[in-house]
Amino acid sequence: MVRLNNERVLLIGDAQNDVHEAVFRALPEAQIVSVPNIFEGIVELRAGSGYSTILAAVEPIERRPDAAVRTLRALAGSSRLVLFGHPTLEVLARKMLEFGCDDYIITPANSDELQQMFGNPPLRLTHPPVALPADDRAQPAPPALESLTQLPLAEIFLDALLEDPHAATAAAIRQINSRIGPAMELQFAKPAEPSPQTDPQADDARLVLSHVVRSGEEEMGTLYLLIAPEQDDAAARHALTQLAHMMGKTASLQERHNRLQKLAITDELTGLYNARYFRHFLSRIIEKAQAMRFPVTLLLFDIDDFKKYNDQFGHAVGDEILRQTAKLMRRCCREHDLVARIGGDEFAVVFWDKEGPRQPLDSTKPVGASRPPQTPVKVFERFQRLMASDDFTGLGQSGRGRLSVSGGLAVYPYDASDTAGLIKAADEYLMFRAKQAGKNSVFLVNGDENAEAPAE
192 MVRLNNERVL LIGDAQNDVH EAVFRALPEA QIVSVPNIFE GIVELRAGSG
242 YSTILAAVEP IERRPDAAVR TLRALAGSSR LVLFGHPTLE VLARKMLEFG
292 CDDYIITPAN SDELQQMFGN PPLRLTHPPV ALPADDRAQP APPALESLTQ
342 LPLAEIFLDA LLEDPHAATA AAIRQINSRI GPAMELQFAK PAEPSPQTDP
392 QADDARLVLS HVVRSGEEEM GTLYLLIAPE QDDAAARHAL TQLAHMMGKT
442 ASLQERHNRL QKLAITDELT GLYNARYFRH FLSRIIEKAQ AMRFPVTLLL
492 FDIDDFKKYN DQFGHAVGDE ILRQTAKLMR RCCREHDLVA RIGGDEFAVV
542 FWDKEGPRQP LDSTKPVGAS RPPQTPVKVF ERFQRLMASD DFTGLGQSGR
592 GRLSVSGGLA VYPYDASDTA GLIKAADEYL MFRAKQAGKN SVFLVNGDEN
642 AEAPAE
C-alpha cells in the first residue's frame, strides 16, 4: 500500500473541475496541478515535474487515442496513467489499456473509487514489464477476467429491472454470475451480513475484492468479487468499481419503482390494499386455484351504522375508526391472506391456503398458545370480539362495545366460478342476509354458519 499523502497528481482536460474535486476529497493532502489540454500536459511532463499520477480526459484524445496514450505513457515513466470520461467513452478507455494506460474511471468521478485506486500500486509497479519492442502491445487480460470486463452491464441491469423490478439487483448478480463462473463469483452482503470467506491454505484459494454500494447517500451494502490469485487484481478492482456503481443506480431505480407501486396499490388512510389491487389479486388467486384445485374464500364486511358515527363525532373520528378496524382485522389473519379497503367503510378479505389445510392445534404446545383460526367464520368471530372489546377513544367513555360489523362469505368454486360471481355472492349475503338479520352477523353462502357477536 502506498502512502496517499505523497501523491503529486497532474490533471489534464478537467474542464468542469469535477475530477479535481473528487481527487481532493479522496486525497486532501495530495498536490494537484491542473492543465487545460493534452498539449499543456505533455509540456508539463517534459519539464520533469515528478508526478506520481497522471489523470487525462479521454474526449480530447478520441481522434488519435493510441498515439496520445503512447506519448503520455513514454513521458509518465513509472507513474500511474489513468484516463477519465463519460460512460459512452468506456469502450475506448478500456481499449487504451492495451497502449499503456494503467486504469480508467467513469465520470462523474467517485472519491471512493479514486481512494481505492490510489491506495493500490499501479499495475506496472506491481508487475515490472518485460522489455518489448516499441510496437508491441500489452498482453490482454486472462480469459476469465475478460468475461467480466467485456460484460454488457447496461443491458444486464436494464433487463433485470424489466424482468424483476422488485429485486433487480439480485437478478443482475445472478445473470452476471452465470456468465463469469465458475472462475469468478460476485456476492452482495447487506451492512449487517458477514463477508464471504475463503481458505488461504486451499489449493484453489481465491482473492476477495470488495466495494461499497451506495444508493444516493445511503450505504446499501458491500459487493464482493472472488477471483483466482493469478488474475489481474488491478483490472478486477476496476471492474468491481463499475459494477458497484451500476448496482447503486439500479438499487435507486428499484426503490423508486417499489415506492410508486406501493402508492398505486395501497389505501392511504388505513395502509391496507385498495380496491384496484383487491380485484387484481382475487383474479390471480382464482386462476391459481383453478390450476391447483384449492378453495378461495371471500369475506366482505362493513361497519354497522358507520354514517351515524361520522355524523355524530366528525370525520376525523370516523377515519380513526377505519384505521383501528383495519388494524384489528389484520391481526386476525395470516400473513398471506389479503385484507383490503374497497370503499368508505367496506372491507374485503381473501382467504386461501398457501400450504394446504390448516392443522389442528399441536397438543404438545401450552394451553392457550396462539394459532390461526380454523375457518374464515372463526376469523370473523374473533374479529367481532376484538371490535367489541377494543377502546375506540374517539367515541368517548362509552366507546368500547359500541361498534359492530356485518359480513358475507362466499367460497370458490362452490358458490361462484369466477371473480365477479364470487364478489356478487358475498355482497348479496352481506346486504340481504347479514343486514336484515339485525346486523352484527356474518352469513356463509349456501351454509348454515351464522356468527353473532358475544353478549356483553
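Start counting the sequence shown at 192; every next residue gets the next number (my numbering).
For every residue, glycine included, the Cβ atom is placed at its ideal position computed from N, Cα and C.
For residue j and residue i, the rounded distance between their alpha carbons
| i | j | result |
| --- | --- | --- |
| Phe469 | Thr461 | 14 Å |
| Arg549 | Val570 | In this predicted model, Arg549 has a pLDDT of only 42, less than 50, meaning its place in the structure is not dependable enough to derive any value. |
| Phe275 | Tyr295 | 5 Å |
| Gly204 | Pro256 | 14 Å |
| Ile233 | Gly239 | 10 Å |
| Val249 | Leu280 | 7 Å |
| Ser243 | Leu349 | 38 Å |
| Ala322 | Ala259 | For Ala322, the predicted model reports a pLDDT of 40, less than 50, meaning its position is unreliable; a value from the coordinates is still stated below. Cα to Cα, the separation comes out at about 21 Å. |
| Tyr464 | Arg397 | 47 Å |
| Glu376 | Glu526 | 35 Å |
| Arg447 | His357 | 10 Å |
| Ser269 | Asp355 | 46 Å |
| Ser595 | Ser369 | 57 Å |
| Val399 | Leu236 | 36 Å |
| Tyr500 | Gly535 | 13 Å |
| Ile223 | Asp209 | 13 Å |
| Thr298 | Gln388 | 32 Å |
| Arg216 | Arg365 | 34 Å |
| Gln307 | Ala359 | 27 Å |
| Ala604 | Ala480 | The identity of residue 604 in the sequence shown is Pro, whereas the question assumes Ala. The alpha-carbon atoms of Pro604 and Ala480 are separated by roughly 9 Å. |
| Cys523 | Ile456 | 22 Å |
| Phe504 | Phe492 | 22 Å |
| Leu201 | Asn449 | 44 Å |
| Lys498 | Arg624 | 20 Å |
| Val602 | Gly439 | 46 Å |
| Ser225 | Asp293 | 20 Å |
| Ile418 | Ala374 | 7 Å |
| Asp510 | Ile533 | 15 Å |
| Met411 | Ala221 | 29 Å |
Whole-Å CB distance - residue i paired with residue j, under 8 Å assumed
| i | j | result |
| --- | --- | --- |
| Leu490 | Leu613 | No, Leu490 and Leu613 are not in contact; Cβ-Cβ is about 11 Å, not under 8 Å. |
| Ile512 | Phe583 | 6 Å |
| Thr340 | Ala430 | 5 Å |
| Ser597 | Asp495 | 6 Å |
| Gln422 | Leu288 | Contact flag wrong, Cβ pair sits at about 15 Å. |
| Phe472 | Leu529 | 5 Å |
| Arg271 | Gly241 | 13 Å between Cβ atoms; not a contact. |
| Leu305 | Val214 | 6 Å |
| Leu218 | Phe309 | 6 Å |
| Ser474 | Thr566 | Not confirmed; about 23 Å, so no contact. |
| Ala466 | Ala531 | 7 Å |
| Leu519 | Phe574 | 6 Å |
Exposure of residue i, with buried meaning 16 or more beta-carbon neighbours within 10 Å
| i | result |
| --- | --- |
| Phe542 | buried |
| Pro420 | exposed |
| Arg194 | Reliability fails at Arg194, whose pLDDT of 41 lies under 50, so the model's placement of it is uncertain and the value that follows must be treated cautiously. Answer is exposed; the Cβ neighbour count stays below 16. |
| Phe230 | exposed |
| His402 | buried |
| Asp502 | exposed |
| His353 | Checking the sequence shown, residue 353 turns out to be Leu, not His. Exposed, since its Cβ has fewer than 16 Cβ neighbours within 10 Å. |
| Ala361 | exposed |
| Ser580 | exposed |
| Met483 | exposed |
| Ala617 | buried |
| Glu572 | buried |
| Gln207 | exposed |
| Gln433 | buried |
| Ala425 | buried |
| Gln452 | exposed |
Segment limits, beta strand (DSSP E) that includes residue i
| i | result |
| --- | --- |
| Leu594 | Taken as a continuous stretch (DSSP letters only), Leu594 belongs to no beta strand (DSSP E), as it is neither H nor E. |
| Phe469 | No beta strand (DSSP E) contains Phe469, which is instead part of the alpha helix (DSSP H) from Ala466 to Met483. |
| Asp294 | Asp294 to Ile297 |
| Phe583 | It is not in any beta strand (DSSP E) - Phe583 carries neither H nor E in the DSSP assignment. |
| Leu342 | Here Leu342 belongs to no beta strand (DSSP E), and DSSP marks it neither H nor E. |
| Phe215 | No beta strand (DSSP E) contains Phe215, which is instead part of the alpha helix (DSSP H) from Asp209 to Ala217. |
| Asp495 | Run containing Asp495: none; DSSP gives neither H nor E here. |
| Arg199 | Arg199 to Ile203 |
| Ala221 | Taken as a continuous stretch (DSSP letters only), Ala221 belongs to no beta strand (DSSP E), as it is neither H nor E. |
| Leu463 | Careful: Leu463 lies outside any beta strand (DSSP E) and carries neither H nor E. |
| Ala531 | Leu529 to Arg532 |
Delimiting residues of the alpha helix (DSSP H) encompassing residue i
| i | result |
| --- | --- |
| Gln515 | His506 to Cys523 |
| Ser302 | Ser302 to Phe309 |
| Glu537 | Premise fails: Glu537 lies in the beta strand (DSSP E), Glu537 to Trp543, not in any alpha helix (DSSP H). |
| Leu613 | Thr610 to Tyr620 |
Worksheet entry | Runs of beta strand (DSSP E) lying entirely within the stretch 368 to 431, each at least 3 residues, in chain order | 376 to 380, 398 to 406 and 409 to 418
Item to complete: Please list the segments of the alpha helix (DSSP H) lying wholly inside the stretch 232 to 286, counting only runs of 4 or more residues, in order along the chain.
Response: 256 to 267 and 281 to 286
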